[in-house]
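S.K.: Structure incoming, see below.
Numbering (our numbering), first residue to last: 8 to 306.
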């Protein structure tokens, strides 16, 4: 008769580890992967929520998008915000982090807190604040009138070009401090002796910034670019709360349009909304891969 091997502490730890891992895996499958699979299947269906069936042809929802003028407009709006806002925001965040990383600067903590404070305001609250600021009788028009820069009140949120500009300004104000924190953390891991050696060699502040700080921050910059692209492609709160997608849907983002199709128009068009969601998912994945490939310096 074979003797049973004694149970060791390590064996028990391994079993416990696998049990914890199994539990986490099951939860991830239930709450993340299964909803994604279910939504993918739903993207091939048409009809209301109670009477959904597979479309004929099966790719009907995907082919419908390019014929949908509102979807095309929301796509253009989203990429406009992405192309204009993300570079400006990240550049300003990088410059602010460089300035606030100066050891000789007094009250650095106060300045850092002030720049980061907008991130602590809820998305809905700050959107409503900007909506009141840029209202026709709002503070911005009052200041411009007193400075004699304008003669009549500007309808900032009622004109397409100015409404888009307000959304971009709001995004830059809200998220610059968030990205600055990442850059500031990365800069504090750079050896200060590198800057001292550069100064001894005659390099000024601009040269040390571009030839020392930026190259060593490349992984952090790539991460913030990916996060910013991901966030902008899923932009929702500003479109809903700041402009309501108006005027006439000309500032509406893709996420806002997806929401309207799924919940906001009275008709639960889950199939079409799911198809658009997967288009956004593919865009995010492609742009993330491109950024990783561009930033990968390994041979």
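Note that the Cβ used here is the ideal one computed from N, Cα and C, for glycine as well.
Since the model is a prediction, treat every value here as computed from it, not as a measurement.
Please list, in chain order, all residues of the same chain as residue 301 whose beta carbon is under 7 Å from its beta carbon, the five residues on each side excluded.
M.R.: None.
S.K.: Starting from residue 46, follow the alpha helix (DSSP H) in both directions and report where the run begins and ends.
M.R.: 41–49 is the span of the alpha helix (DSSP H), which, as asked, contains residue 46.
S.K.: Would you identify the three-state DSSP class for residue 257, choosing helix, strand or coil?
M.R.: Residue 257 falls in the coil class under three-state DSSP.
S.K.: Within its chain, find whatever has a CB closer than 7 Å to the CB of residue 294; leave out the 5 residues flanking it on each side and keep chain order.
M.R.: Result list for residue 294: 236, in chain order.
S.K.: Measuring CB to CB, does residue 181 end up less than 7 Å from residue 133?
M.R.: Contact flag set, yes.
S.K.: Using 8 Å as the cut-off, can you tell me whether the region 211–229 makes contact with the region 273–290, which would need three or more C-beta pairs spanning the two stretches below that distance?
M.R.: Because the criterion of three Cβ pairs below 8 Å is not met, the region 211–229 and the region 273–290 do not touch.
S.K.: Can you tell me whether DSSP reads residue 141 as helix, strand or coil?
M.R.: In the structure shown, residue 141 sits in coil (DSSP, three-state: anything other than H, G, I, E or B).
S.K.: Residue 51 and residue 62: beta carbons closer than 7 Å?
M.R.: Yes, Cβ-Cβ distance for residue 51 and residue 62 is below 7 Å.
S.K.: In chain order, what residues of the same chain lie with their CB nearer than 8 Å to the CB of residue 60, ignoring the 5 residues before and after it?
M.R.: Around residue 60: 52, 53, 54.
S.K.: Can you check whether the CB of residue 279 is closer than 7 Å to the CB of residue 3?
M.R.: Nothing about residue 3 can be read from this structure; the chain reaches only from 8 to 306.
S.K.: Evaluate residue 109 with the Cβ neighbour count: other Cβ atoms within 10 Å of its Cβ, from every protein chain shown; 16 or more gives buried, anything less gives exposed.
M.R.: Exposed, by the Cβ-count rule.
S.K.: Starting from residue 60, follow its DSSP beta bridges and name the residues at the other end.
M.R.: Its beta-bridge partners are 53.
S.K.: Is it buried or exposed, residue 283, if we count other Cβ atoms within 10 angstroms and call 16 or more buried?
M.R.: Per the 10 Å Cβ criterion, buried.
S.K.: For residue 11, which residues of its own chain have a beta-carbon under 8 Å away from its beta-carbon, when the five flanking residues on both sides are left out?
M.R.: Unreliable placement is indicated for residue 11, whose pLDDT of 49 sits below 50; no coordinate value is reported for it.
S.K.: Is it buried or exposed, residue 85, if we count other Cβ atoms within 10 angstroms and call 16 or more buried?
M.R.: With 16 or more Cβ atoms within 10 Å of its Cβ, residue 85 is classed as buried.
S.K.: Count the other CB atoms within 10 Å of the CB of residue 37; is the residue buried (16 or more) or exposed (fewer)?
M.R.: Residue 37 comes out exposed.
S.K.: Enumerate in chain order the residues of its own chain whose CB-to-CB distance from residue 238 is below 8 Å, with the five nearest sequence positions on each side excluded.
M.R.: The answer, listed in chain order, is 182.
S.K.: At 4 residues or longer, what runs of the alpha helix (DSSP H) sit wholly inside the region 131–185?
M.R.: Counting whole runs of 4 or more residues, the region 131–185 contains the alpha helix (DSSP H) stretches 146–153.
S.K.: Who are the Cβ neighbours of residue 119 in its own chain at under 6 Å, not counting the five residues just before and after it?
M.R.: The residues are 107.
S.K.: What distance in whole Å lies between the Cβ atoms of residue 175 and residue 250, which are believed to be in contact at a cut-off of 8 Å?
M.R.: Their Cβ separation, rounded to whole angstroms, is 12 Å, which puts residue 250 and residue 175 out of contact at 8 Å.
S.K.: Please classify residue 196 as buried or exposed, where buried requires at least 16 neighbouring CB atoms within 10 angstroms.
M.R.: Under this definition residue 196 is an exposed residue.
S.K.: Have a look at residue 193 and residue 240 and give me their C-alpha separation to the nearest angstrom.
M.R.: Cα-Cα distance, rounded: 26 Å.
S.K.: Thinking just about the alpha-carbon of each residue, which of 258, 286, 288 is nearest to the one in residue 83?
M.R.: Ranking the options by Cα distance to residue 83, first place goes to 258.
S.K.: Assuming residue 146 and residue 140 are in contact, meaning their beta carbons sit under 8 Å apart, how far apart are those beta carbons, in whole angstroms?
M.R.: 5 Å between Cβ atoms; contact.
S.K.: Which runs of the alpha helix (DSSP H) at least 4 residues long sit entirely within the region 78–142? Give them in chain order.
M.R.: Counting whole runs of 4 or more residues, the region 78–142 contains the alpha helix (DSSP H) stretches 115–123, 130–140.
S.K.: Looking at the unbroken alpha helix (DSSP H) that takes in residue 195, where does it start and where does it end?
M.R.: From DSSP, residue 195 is part of no alpha helix (DSSP H); its letter is neither H nor E.
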